[in-house]
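Q: Numbering (the numbering used here), first residue to last: 10 to 331.
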Amino acid sequence: MKPRLVVAALLPEAVVARARDEFDALVHPGPADMTREEVLDAAHRHQAEGLLFVNTLRFDADLVARLPASLRVGATSSVGYDHVDVAAAAARGIAVTNTPGVLSACTADFAFMLLLAAARRAHEYDALMRAGWRRRIGQGDLLGQRVNGETLGILGMGRIGQAMARRARGFDMRVLYHARHRLPADLEQGATYFPDLRAMLPHCRFLSLHAPATPATENIINETTLGLLPRGAVLVNVARGALVDEDALFAALTSGRLFAAGLDVFRCEPEFDLRFASLPNVILSPHIGSGSVETRTAMGDRALDNIAAVLAGRGPIDPLRS
Ligand code: DGY
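What follows is the structure, given as structure tokens:
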């Protein structure tokens, strides 16, 4: 008998195929990820032992309380787990896991793409061409900001922040970072640590966010901290929308305090604040930083590895702890 699994999210074909092969899998046909009620219904009908989900499901105390007693493991195919109530799961004896490591490089690639695009106005040039460019651009028109040789501040220096720093070094950027703890020198690789975020910001022509959403990072980028950046700075956020006070961000983008922003994440998703879509100096994407075939497959595989390990009695590979 194969272990019973509910796959609540739309995942790459290879992951779904493996889930069907190794588990007695109830796979949601779509067209969107399962809603909360669909998850509960499927988990009860299937007497699920494992649940594979993504951050569209709030795995909170209310959901945990309503899941069937059969459930032993919930695996989110994401590194962020602000949507998971780890303590509530632990209290019910449900192991919860995430997928660290496998998505760091692709997410940093994406963040660096947003940084380059925002600074060098890639999305504006693309729109201009699509509108049927016919007028020569003067030498002083539509100029972007230089990236190479400039200073990048990184907020949050975990695996993705470190991968971002490696990319920045390839562009001869000076890297500064703020995190709760200083990294050992071999991981720091010459980046300068600032124990105080506010002391770092005045040096940052570019600022990239890579911290998790926690009570300590809620609205950490706000009117005051944006005001500490040099005028004309560029902000990139591929972490979580909750880190940013979006009213303050909008004001900074319209006042010239910020030259531009690259935003992959928003306080409210998918119903993001449409004011940002009206700004030419913002490049937008729909929370898809890790979205390559290879990485999303690796994430789904890692989630299945975690589920298999727990259901085989070996314990989770990537346990979440509160
Ligand atoms: C993650 O892995 O946390 C990404 O943001 C997708 O949710």
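Note that CB positions come from ideal geometry on N, CA and C, so glycine has one too. Fair warning: this is a prediction, and the values are worked out from it, not measured in the lab.
Short check: CB of Leu76 to CB of Val245, under 9 Å?
A: Not in contact: Leu76 and Val245 (Cβ atoms no closer than 9 Å).
Q: Taking 9 Å as the cut-off, decide whether the C-beta atoms of Ala106 and Thr85 are in contact.
A: Correcting the residue type first, residue 106 is Thr in the shown sequence and not Ala. Result yes, Cβ atoms of Thr106 and Thr85 sit closer than 9 Å.
Q: Can you find the residues in the same chain that come closer than 6 Å, C-beta to C-beta, to Phe32, ignoring five residues on each side of it along the sequence?
A: Lys11, Pro12, Leu14, listed in sequence order.
Q: Are the beta-carbon atoms belonging to Ile292 and Ala126 less than 9 Å from one another?
A: Cβ distance < 9 Å, so Ile292 and Ala126 count as in contact.
Q: Given the structure, does Met308 come close to ligand 1, in the sense that its CB is under 8 Å from one of the ligand's heavy atoms?
A: Yes - ligand 1 has a heavy atom lying nearer than 8 Å to the Cβ of Met308.
Q: Out of Ala99, Asp314, Val302, Gly322, which has the shortest C-alpha to C-alpha gap to Ala23?
A: Here the closest residue by C-alpha is Val302.
Q: With DSSP as the reference, please indicate the residues paired to Ile103 in a beta bridge.
A: Beta-bridge pairing links Ile103 to no other residue.
Q: Could you give the distance in angstroms between the alpha-carbon of Thr160 and the alpha-carbon of Ala312?
A: In a straight line, the C-alpha of Thr160 is about 36 Å away from that of Ala312.
Q: May I have a chain-ordered list of the beta strand (DSSP E) segments no shorter than 3 residues that lie completely inside the stretch 153-198?
A: Listed in chain order, they are 160-164, 183-187.
Q: Using only the heavy atoms of ligand 1, determine whether one of them is closer than 8 Å to the beta carbon of Val95.
A: The answer is no for Val95.
Q: Three-state secondary structure (DSSP) at Tyr202?
A: Here Tyr202 sits in strand by DSSP.
Q: With DSSP as the reference, identify every bridge partner of Ala114, one or two as the case may be.
A: BP columns for Ala114 are empty, so no partner.
Q: Mind checking which residues open and close the alpha helix (DSSP H) that includes Ile316?
A: Element bounds for Ile316: 302-320.
Q: Measuring straight from C-alpha to C-alpha, what distance separates Arg249 and Ala188?
A: The alpha-carbon atoms of Arg249 and Ala188 are separated by roughly 16 Å.
Q: What did DSSP end up calling Ala269 once you bin it into helix, strand or coil?
A: Strand, per DSSP.
Q: Cβ of Ser294 versus every heavy atom of ligand 1: is any distance shorter than 8 Å?
A: Outside the cutoff, so no.
Q: Kindly list the residues whose CB is nearer than 6 Å to the CB of Gln158, restricted to its own chain and excluding five residues on each side of it in sequence; keep chain order.
A: For the sequence presented, residue 158 should be read as Gly rather than Gln. Closer than 6 Å at Cβ, skipping near neighbours: Asp181.
Q: On a CA-only basis, which of Phe275, Glu227, Asn290 is nearest Gly241? Give me that one, please.
A: Of the candidates Phe275, Glu227, Asn290, the one whose C-alpha sits nearest the C-alpha of Gly241 is Asn290.
Q: Report the three-state DSSP secondary structure of Phe285 (helix, strand or coil).
A: Reduced to three states, the DSSP call for Phe285 is helix.
Q: For Leu272, is the classification buried or exposed, using 16 other Cβ atoms within 10 angstroms of its Cβ as the cut-off for buried?
A: Buried.
Q: So what's Asp135 in DSSP terms, helix, strand or just coil?
A: Reduced to three states, the DSSP call for Asp135 is helix.
Q: To the nearest angstrom, how far is it from the Cα of Asp205 to the Cα of Gly141?
A: Answer to the nearest angstrom: the Cα atoms are 48 Å apart.
Q: Any contact of the stretch 222-235 with the stretch 247-267, i.e. 3+ C-beta pairs under 8 Å?
A: Yes: at least three Cβ pairs fall under 8 Å.
Q: Where does Arg130 land, buried or exposed, given buried means 16+ other C-beta within 10 angstroms?
A: Classification of Arg130: buried, given that the 10 Å Cβ count is 16 or more.
Q: Per DSSP, what are the beta-bridge partners of Arg13 in this structure?
A: In DSSP, Arg13 forms a bridge with Asp33.
Q: If distances are taken between C-alpha atoms only, which option among Ala261, Phe259, Met308, Arg145 comes closest to Leu19?
A: Residue Met308 is the option with its Cα nearest to Leu19.
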